[in-house]
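To keep things clear, I will list the structure first and then write my remarks on it.
Protein chains: 2
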Amino acid sequence: MATTELSRQQQKSQDMKRRVRSAAIASLAELGYDRTSIKRVVERADVSQGALLHHFPTKTDLMAAVAEHLFGRAVRWARMMAGAGDAGLQSLTMRSWKEQFRTDEYAALLEILTAARTHKDLHARIAGTLRDWHDVNEAELVRLFREAGADDSRISSIVAISRCLMSGLLVHDALVRDEREVEKVLQDWDAIRETYLQAVRCEHKLSSS
Amino acid sequence: MATTELSRQQQKSQDMKRRVRSAAIASLAELGYDRTSIKRVVERADVSQGALLHHFPTKTDLMAAVAEHLFGRAVRWARMMAGAGDAGLQSLTMRSWKEQFRTDEYAALLEILTAARTHKDLHARIAGTLRDWHDVNEAELVRLFREAGADDSRISSIVAISRCLMSGLLVHDALVRDEREVEKVLQDWDAIRETYLQAVRCEHKLSSS
DNA sequence: AGAAACCAACCGTTCATACGGTTTTTCTTT
DNA sequence: AAAGAAAAACCGTATGAACGGTTGGTTTCT
Numbered sequence: 000m001a002t003t004e005l006s007r008q009q010q011k012s013q014d015m016k017r018r019v020r021s022a023a024i025a026s027l028a029e030l031g032y033d034r035t036s037i038k039r040v041v042e043r044a045d046v047s048q049g050a051l052l053h054h055f056p057t058k059t060d061l062m063a064a065v066a067e068h069l070f071g072r073a074v075r076w077a078r079m080m081a082g083a084g085d086a087g088l089q090s091l092t093m094r095s096w097k098e099q100f101r102t103d104e105y106a107a108l109l110e111i112l113t114a115a116r117t118h119k120d121l122h123a124r125i126a127g128t129l130r131d132w133h134d135v136n137e138a139e140l141v142r143l144f145r146e147a148g149a150d151d152s153r154i155s156s157i158v159a160i161s162r163c164l165m166s167g168l169l170v171h172d173a174l175v176r177d178e179r180e181v182e183k184v185l186q187d188w189d190a191i192r193e194t195y196l197q198a199v200r201c202e203h204k205l206s207s208s
Numbered sequence: 000m001a002t003t004e005l006s007r008q009q010q011k012s013q014d015m016k017r018r019v020r021s022a023a024i025a026s027l028a029e030l031g032y033d034r035t036s037i038k039r040v041v042e043r044a045d046v047s048q049g050a051l052l053h054h055f056p057t058k059t060d061l062m063a064a065v066a067e068h069l070f071g072r073a074v075r076w077a078r079m080m081a082g083a084g085d086a087g088l089q090s091l092t093m094r095s096w097k098e099q100f101r102t103d104e105y106a107a108l109l110e111i112l113t114a115a116r117t118h119k120d121l122h123a124r125i126a127g128t129l130r131d132w133h134d135v136n137e138a139e140l141v142r143l144f145r146e147a148g149a150d151d152s153r154i155s156s157i158v159a160i161s162r163c164l165m166s167g168l169l170v171h172d173a174l175v176r177d178e179r180e181v182e183k184v185l186q187d188w189d190a191i192r193e194t195y196l197q198a199v200r201c202e203h204k205l206s207s208s
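In order, the protein sequences belong to chains A and B. Position one of the first sequence corresponds to residue 0 (numbering that gives the first Met the number 0), numbered consecutively onward. Position one of the second sequence corresponds to residue 0 (numbering that gives the first Met the number 0), numbered consecutively onward.
Here you go:
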């Protein structure tokens, strides 16, 4: 059965879920986790409260669904970049920043992740998915850098640093710094990473000759 | 008039504020921003609700006061490290992680910063202080690295990267990764930074000879 | 007919804050 | 230095709004 061959009921259900998700994302980005109430999502999505709670019985269910959707989005983006080959490596940091991190979607994801630290039911629901996402996403990005010559372990750290750096920039500096200053930090990080990879390549050549 | 020469009233007032602050920090770290209610802080601090609201008329006032206290704490730590000279540079990253970031105090600060993105009244209250803190803290840490030979601009970026990296680790990886994995990323960052600084020193020598 | 989707009114709680009154400290005047 | 007024600190309760979630019933699809 193709995904285009959906019954009318399934179609409606999916439409509804999509509308609710995107309303939730907008609300998360604008108001944060706790002030994103079910009522508010209902208003924004222009659906009835009963309908929303039919598909997502609790707020935690809704948030977990949103988180999984956003994980999927991030993985698709990484795959797309990996598929682009060398062209993808060009200005990867800046593209990642602008297309992935500096978006309402990632702001929403950050809200959910931050909330998961203190809301243990939410944490329990998304922990597994989050771990999978980290692994898949990292594997995808490691492929992008592998040609650079370092071993996977170090590349893995570089990827983690990039990711954490951008999250940190959002939480921290985006509050008070202008875009220009933030981009300078990212450019410097690009330079630092390149210098390091060159040094590792150098070292590798010396030891293998 | 020395700070030890406080009137009885001022003494009581300061004691009360300190108790409330530390109760708020504990609650922020455990429950997050929105679920840290006035009532809960009142319980934890074992003061009356009226007393708390006398010193901090609104929740925003309380949170702003907590944020300023935590900014001050971070600056004091940086100054202490800067005062230690070379001994301070040793394993700065790991000490910073363990003594500053992986603490309830920083978790509380992260909650406030995250909340400030969506609570605009809180944002308005702490934006100025946050900016000052960034500047002072960075200036202090730049001093620590200056001897390494790079120009201030690049060092400033390194400091920003370190800070954002650790915040990102807390938000992101600390949810699902164990301490060992997180520390490996930090160690790799240390190595990357050192490689970069060496390369910059090298380049500098070549151009000045 | 039966299941899934949808709806709207409605709990019990908790929230931030307001308020009136009491106690303690400080200042002023004698 | 004693008295008494003023101010600051403190307390317990009340309030109206908003919260997440429940429920019983109606419509739409299979």
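Each residue gets a CB set at the ideal place from its N, CA and C atoms; glycine is no exception.
{"Asked": "With H, G and I counted as helix, E and B as strand and the rest as coil, what does DSSP make of residue 41 (chain B)?", "Found": "helix"}
{"Asked": "Between the Cα of residue 106 (chain A) and the Cα atoms of B:116, B:205, B:27, which residue gives the shortest distance?", "Found": "B:116"}
{"Asked": "Using beta carbons (cut-off 7 Å, strictly below), is residue 201 (chain B) in contact with chain A?", "Found": "no"}
{"Asked": "Just to confirm the assignment, what range does the alpha helix (DSSP H) spanning residue 94 (chain B) have?", "Found": "91-94"}
{"Asked": "Tell me which residues share the same chain as residue 149 (chain A) and place their Cβ nearer than 7 Å to its Cβ, disregarding the 5 neighbours each side in the sequence.", "Found": "196, 199"}
{"Asked": "Considering residue 137 (chain B), what are the terminal residues of the alpha helix (DSSP H) in which it resides?", "Found": "119-145"}
{"Asked": "Pull up the CB-CB distance for residue 28 (chain B) and residue 103 (chain B), whole angstroms please, since I reckon it's below 8 Å.", "Found": "4 Å"}
{"Asked": "Quick one: using the 10 Å Cβ neighbour count with 16 as the cut-off for buried, is residue 90 (chain B) buried or exposed?", "Found": "exposed"}
{"Asked": "May I ask you to report which of helix, strand or coil DSSP gives residue 171 (chain B)?", "Found": "coil"}
{"Asked": "Alpha carbon to alpha carbon, what distance is there between residue 141 (chain B) and residue 59 (chain A)?", "Found": "43 Å"}
{"Asked": "Does the pairing of the region 125-139 of chain B with the region 177-193 of chain A give three or more beta-carbon distances under 8 Å?", "Found": "no"}
{"Asked": "Under 9 Å Cβ-Cβ, which residues of chain A neighbour residue 146 (chain B)?", "Found": "Going along chain A, no residue has its Cβ under 9 Å from residue 146 (chain B), so there is no contact; the nearest lies around 18 Å."}
{"Asked": "Please specify which runs of the beta strand (DSSP E), each continuous and at least 3 residues long, are wholly inside the region 42-70 of chain A, giving them in chain order.", "Found": "none"}
{"Asked": "Kindly list, in the order they appear in chain B, the residues whose Cβ is closer than 9 Å to that of residue 17 (chain A).", "Found": "In chain order: nothing, as chain B lies at least about 24 Å away."}
{"Asked": "My output table needs one value for residue 194 (chain A): the three-state DSSP class, helix, strand or coil.", "Found": "helix"}
{"Asked": "Tell me the DSSP secondary structure of residue 161 (chain B) in three-state form.", "Found": "helix"}
{"Asked": "Take residue 174 (chain B) as the anchor and find which of A:123, A:145, A:169 has the nearest alpha-carbon.", "Found": "A:123"}
{"Asked": "Using a Cβ-Cβ distance under 7 Å, would residue 117 (chain A) count as near chain B?", "Found": "yes"}
{"Asked": "Please list the partners that residue 33 (chain A) has in chain B, where partner means a Cβ-to-Cβ separation under 8 Å.", "Found": "31, 32, 33, 34"}
{"Asked": "Check whether the Cβ of residue 138 (chain B) sits closer than 6 Å to any heavy atom of the ligand COA, and report yes or no.", "Found": "As for the ligand COA, it is missing from this structure, which has no ligand bound."}
{"Asked": "Does any C-beta atom of chain B lie closer than 7 Å to the C-beta of residue 63 (chain A)?", "Found": "no"}
{"Asked": "So the candidates are A:154, A:43, A:161, A:110; which of them puts its Cα closest to the Cα of residue 63 (chain A)?", "Found": "A:110"}
{"Asked": "With contact counted as at least three CB pairs below 8 Å, one residue from each stretch, are the region 91-98 of chain B and the region 33-40 of chain B in contact?", "Found": "no"}
{"Asked": "In three-state terms, what does DSSP make of residue 26 (chain B)?", "Found": "helix"}
{"Asked": "Within the 7 Å Cβ cut-off, does residue 105 (chain A) reach chain B?", "Found": "no"}
{"Asked": "Under 9 Å, CB to CB, which of the residues in the region 138-171 of chain B have a partner in chain A?", "Found": "152, 153, 155, 156, 157, 159, 160, 162, 163, 164, 165, 166, 167, 168, 169, 170, 171"}
{"Asked": "Taking Cβ to Cβ, would you say residue 51 (chain A) is nearer than 7 Å to residue 19 (chain A)?", "Found": "yes"}
{"Asked": "Exposed or buried, which one is residue 93 (chain B) when buried takes at least 16 other CB atoms within 10 Å?", "Found": "exposed"}
{"Asked": "Report back the beta-carbon spacing between residue 108 (chain A) and residue 164 (chain B) to the nearest angstrom; my notes put them in contact at under 8 Å.", "Found": "That pair is no contact at about 18 Å."}
{"Asked": "For residue 48 (chain A) and residue 24 (chain A), what's the separation of their Cα atoms in angstroms?", "Found": "17 Å"}
{"Asked": "Alpha carbon to alpha carbon, how far is residue 54 (chain A) from residue 10 (chain A)? Give it in angstroms, no decimals.", "Found": "13 Å"}
{"Asked": "Using a Cβ-Cβ cut-off of 7 Å, state whether residue 41 (chain B) counts as contacting chain A.", "Found": "no"}
{"Asked": "For residue 122 (chain A), which residues in chain B fall below 9 Å Cβ to Cβ?", "Found": "174"}
{"Asked": "My output table needs one value for residue 105 (chain B): the three-state DSSP class, helix, strand or coil.", "Found": "helix"}
{"Asked": "Can you give the Cα-Cα distance for residue 126 (chain B) and residue 114 (chain B), rounded to whole angstroms?", "Found": "12 Å"}
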